[in-house]
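Those letters in the sequence shown? Residues 8 to 316, per our numbering, in order. For each residue, glycine too, the CB sits at the ideal point set by N, CA and C. Beneath this line is the structure, given in structure tokens, with notes to follow.
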Amino acid sequence: MEIDKVGEHLSYLAVFSHKVKRDGSIEAPPGEAGLISAAYNDKVVPLFVLTNLEEDQFSTELGQTILSNESLQDKVLNEALRLMEQKGYLGLNIDFEHLRREDRVLYNQFLRKALGKVREKGYSLSTALAPKVSGEQAGAWYEAHDYPAHGSIVDFVILMTYEWGWSGGPPMAVAPLDQVRRVVEYAASVMPNNKIMMGIPLYGYDWTLPYVAGGQFAKVVSPVRAVSLARQYNAAIQYDWKAQSPYFTYWDEQGKQHEVWFEDARSIQAKFNFVKELGIRGVSYWKLGVDFPQNWLLIEENFIVRKRV
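Laid out in structure tokens, this is it:
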């Protein structure tokens, strides 16, 4: 899906990702020039996404290396701002994940330093946050993400409210609304509502049963592909009202059973209703390029999309 097909429905376009290196340099993603150009064509704000990805994994060690060294931090931020200005980015999004609990305060300090630098250029600052339901939530993905601090420092946060059902886990809804609600309500209790962007997946998963931990990974499916599979195998699509998510099972030609969870117009409308109920800033999609035309029609029916002047 080209950006120009959905650009009218977007306020921001987060270009994923610009990888920090251990020497403070930054590796840019391929094809970013075309994405930035498309964003400008539709008055969409292009965001420079800075990550601690290393060999396609979020690196605890890399995060520690950067956050524990003031001069490296300055080098990273100065290089990010140089690239942003050179390429036409208008906002910085920092997506550092799987940090040590001990680096929580250092990460907050890094964000404050970043804020001072982006303000000088007139850019926005945002972060991506793991889906927490309390300040004390344990686990490598959660402990260094300080919701109250991010809420006070940055312009807005993107809550990664998806991947309860994930490719390596057991079959379940990717973004069950009852779980999403817990995360967003916690966020709203410690930061301004107008800084909260709720994550929504534009995809689903097709698991081969029986699920075995560490076994075969589920396949990503678009909502359009999921419905096509149900039609192909004459499977009845069910709806989990607690999770607000559709699902079905089918048997393939090899006699193997599958379970599919995905999003549809009903599940998206339920999420939109929740967004309007809380009055938060909006929604953020992971990720574009998945065939789901109903979502964009529902955007038109439910929201006024704010555009860059």
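Within 10 angstroms of its Cβ, does Val191 collect 16 or more other Cβ (buried), or is it exposed? Residue 191 sits at position 184 when you count from the first residue of the sequence shown. Label assigned to Val191: buried.
Candidates Ser141, Ala45, Phe255 and Thr58: closest to Arg232 by CA position: If you number the sequence shown from 1, residue 232 lands on position 225. Selected option, being the one with the closest Cα: Phe255.
If we count the other Cβ atoms within 10 Å of its Cβ and call it buried at 16 or more, is Lys294 buried or exposed? Locating residue 294 in the sequence shown gives position 287, where the first residue counts as 1. Result: exposed.
Name the DSSP beta bridge partners of Gln301, please? For this step, residue 301 is matched to residue 294 along the sequence shown. None, per the DSSP bridge assignment.
In chain order, each alpha helix (DSSP H) run of at least 4 residues that lies wholly inside the region 47-123: 67-74 and 77-94
Is Trp148 close to chain D, meaning its C-beta is less than 8 Å from at least one C-beta of that chain? Within the model displayed, chain D is absent; a lone protein chain is all it includes.
Grab me the residues of Thr215's own chain with a C-beta within less than 7 Å of its C-beta, minus the 5 sequence neighbours each way, in chain order. Position 208 of the sequence shown holds residue 215. When the five nearest sequence neighbours on each side are left out, the beta carbons in the same chain lying within less than 7 Å of the beta carbon of Thr215 are those of Gln223, Lys263 and His265, in order along the chain.
In this structure, how does DSSP classify Leu236 when only helix, strand and coil are distinguished? Position 229 of the sequence shown, counted from the first residue, corresponds to residue 236. Collapsing the DSSP output to three states places Leu236 in a helix.
Given Arg315 as reference, the closest of Val140, His16 and Gln80 once Cα atoms are compared: Numbered from its first residue, the sequence shown carries residue 315 at position 308. Out of Val140, His16 and Gln80, His16 has the C-alpha closest to the C-alpha of Arg315.
Three CB pairs or more closer than 8 Å across the region 113-131 and the region 60-67: no
Return helix, strand or coil for Gln245, following the three-state DSSP convention. Translated into positions along the sequence shown, residue 245 becomes position 238. Gln245 falls in the strand class under three-state DSSP.
Run through the DSSP bridge pairs and tell me what Phe163 is partnered with. Counting from one through the sequence shown, the residue named residue 163 turns up at place 156. The partner list for Phe163 (beta bridge, DSSP) reads Ser133.
Start-to-end residues for the alpha helix (DSSP H) that takes in Ile203: Taking the sequence shown and counting its residues from 1, one reaches residue 203 at position 196. No alpha helix (DSSP H) holds Ile203; the beta strand (DSSP E) holding it covers Ile203 to Pro208.
Could you please give me the residues that DSSP links to Ile33 through a beta bridge? Within the sequence shown, residue 33 is the residue found at index 26, counting from 1. Ile33 pairs with Val27.
Have a look at Asp81 and Lys28 and give me their C-alpha separation to the nearest angstrom. Counted from its first residue, the sequence shown places residue 81 at position 74. Counted from its first residue, the sequence shown places residue 28 at position 21. When rounded, the distance between both Cα atoms is 13 Å.
Among Ser133, Tyr154, Ile10 and Tyr130, nearest to Ser141 - alpha-carbon criterion: Residue numbering aside, residue 141 sits at position 134 when the sequence shown is read from its first letter. That would be Tyr154, whose Cα lies nearest to the Cα of Ser141.
Leaving out five residues before and five after Glu319 in sequence, what residues of the same chain have Cβ atoms less than 8 Å from its Cβ? Lying before the first or after the last residue shown, residue 319 is absent from the chain, which here runs from 8 to 316.
Alpha carbon of Leu304 to alpha carbon of Val125, nearest angstrom: To locate residue 304, count along the sequence shown from 1; it is residue 297. To locate residue 125, count along the sequence shown from 1; it is residue 118. Just so you know, the alpha carbons of Leu304 and Val125 end up roughly 35 Å apart.
So, Arg288 versus Asn201, is the Cβ gap smaller than 8 Å? Residue 288 sits at position 281 when you count from the first residue of the sequence shown. Residue 201 sits at position 194 when you count from the first residue of the sequence shown. Yes, they are a contact pair.
Is the region 72-81 close to the region 44-56, with three or more CB pairs under 8 Å? no
Quick one, which of Phe23, Ile165 and Arg313 has its alpha-carbon nearest Ala137's? Within the sequence shown, numbered from 1, the residue matching residue 137 stands at position 130. Considering only alpha carbons, the answer is Ile165.
Taking just the CA atoms, how far does Pro199 sit from Glu143? Translated into the one-based positions of the sequence shown, residue 143 becomes position 136. Translated into the one-based positions of the sequence shown, residue 199 becomes position 192. About 20 Å.
So is Glu92 buried or exposed if we call it buried at 16+ other beta carbons inside 10 Å? Residue 92 sits at position 85 when you count from the first residue of the sequence shown. So Glu92 counts as exposed.
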